[in-house]
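Residue numbers (this note's numbering), protein chains in the order written: chain A, 3 to 112; chain B, 2 to 117. Glycine included, every Cβ here is placed at the ideal spot set by N, Cα and C. Quantities reported herein were computed from a predicted structural model and do not represent experimental measurements. In what follows, a structure is listed as structure tokens, so that the remarks can point back to it.
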Amino acid sequence: GQNIDQPTEMTATEGAIVQINCTYQTSGFNGLFWYQQHAGEAPTFLSYNVLDGLEEKGRFSSFLSRSKGYSYLLLKELQMKDSASYLCAVRSGGYQKVTFGTGTKLQVIP
Amino acid sequence: GAVVSQHPSRVICKSGTSVKIECRSLDFQATTMFWYRQFPKQSLMLMATSNEGSKATYEQGVEKDKFLINHASLTLSTLTVTSAHPEDSSFYICSASELKGRETQYFGPGTRLLVL
Numbered sequence: 003g004q005n006i007d008q009p010t011e012m013t014a015t016e017g018a019i020v021q022i023n024c025t026y027q028t029s030g031f032n033g034l035f036w037y038q039q040h041a042g043e044a045p046t047f048l049s050y051n052v053l054d055g056l057e058e059k060g061r062f063s064s065f066l067s068r069s070k071g072y073s074y075l076l077l078k079e080l081q082m083k084d085s086a087s088y089l090c091a092v093r094s095g096g097y098q099k100v101t102f103g104t105g106t107k108l109q110v111i112p
Numbered sequence: 002g003a004v005v006s007q008h009p010s011r012v013i014c015k016s017g018t019s020v021k022i023e024c025r026s027l028d029f030q031a032t033t034m035f036w037y038r039q040f041p042k043q044s045l046m047l048m049a050t051s052n053e054g055s056k057a058t059y060e061q062g063v064e065k066d067k068f069l070i071n072h073a074s075l076t077l078s079t080l081t082v083t084s085a086h087p088e089d090s091s092f093y094i095c096s097a098s099e100l101k102g103r104e105t106q107y108f109g110p111g112t113r114l115l116v117l
């Protein structure tokens, strides 16, 4: 089976930087995704890592270490609209099956 | 990015009726689509993996006869909730993979089902 862990909630200040961690245990690892989900809406794609290292995309960056089963999502210059749940998801095995973590609810405060 | 649509966006039905939800990839072909269910304040739970032209692969604990999945073409998958009950009320979300190397999953907007 798979086990994906991420903090349940985080709070950060507008304009600051926040790092959301995700650890996973799986067999047949084939990529890790980060999604943003606002309340009542479907998830939207943020990033995808399959190789070790940091991928930067604007204010958002994602890091992966396959040997450690660890990833983080880094959000810079936080804005109020960044308040949302951030879902870590791991793909493994055949049929591209993706399993989601429970999500981290981020609250950005003024 | 790729666009995935779902219809209907919201449905209210009486207990015992069946509800069909459509998932379409609008600008790409998706050999694989996924159906998820999300209860309030919980994460997405994969229900089944739908492959075009073959039977869906269901996750443990998901009843095949209750949640019928059909993937008739490379752009359409349907989920039918048969004999719906109040406990089936949930947010149902589909996703599809765009086969361009990175194979990112793109999600539809979701269907909110309320069974009375």
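- In the three-state DSSP reduction, Glu-79(A) falls in the coil class, being neither helix nor strand.
- Listed in chain order, the beta strand (DSSP E) elements of length 3 or more contained wholly in the region 11-44 of chain B are 11-14, 20-26 and 33-39.
- Every beta strand (DSSP E) stretch that sits fully inside the region 43-82 of chain B and reaches 3 residues is listed by chain position as 46-52, 68-74 and 77-82.
- Counting along the chain, no beta strand (DSSP E) covers Leu-53(A), and no H or E run does either.
- For Val-20(A), the enclosing beta strand (DSSP E) begins and ends at 20-27.
- Around the beta-carbon of Ser-51(B), 16 or more other beta-carbon atoms lie within 10 Å, marking it buried.
- For His-8(B), the enclosing beta strand (DSSP E) covers residues 5-8.
- In the three-state reduction of the DSSP assignment, Glu-16(A) falls in the coil class, being assigned neither a helical nor a strand state.
- Residue state for Glu-58(A) is assigned as strand, using DSSP reduced to three classes.
- For Leu-117(B), there is no enclosing beta strand (DSSP E), as DSSP marks it with neither H nor E.
- Checking the DSSP bridge columns, you'll see Asp-89(B) has no partner listed.
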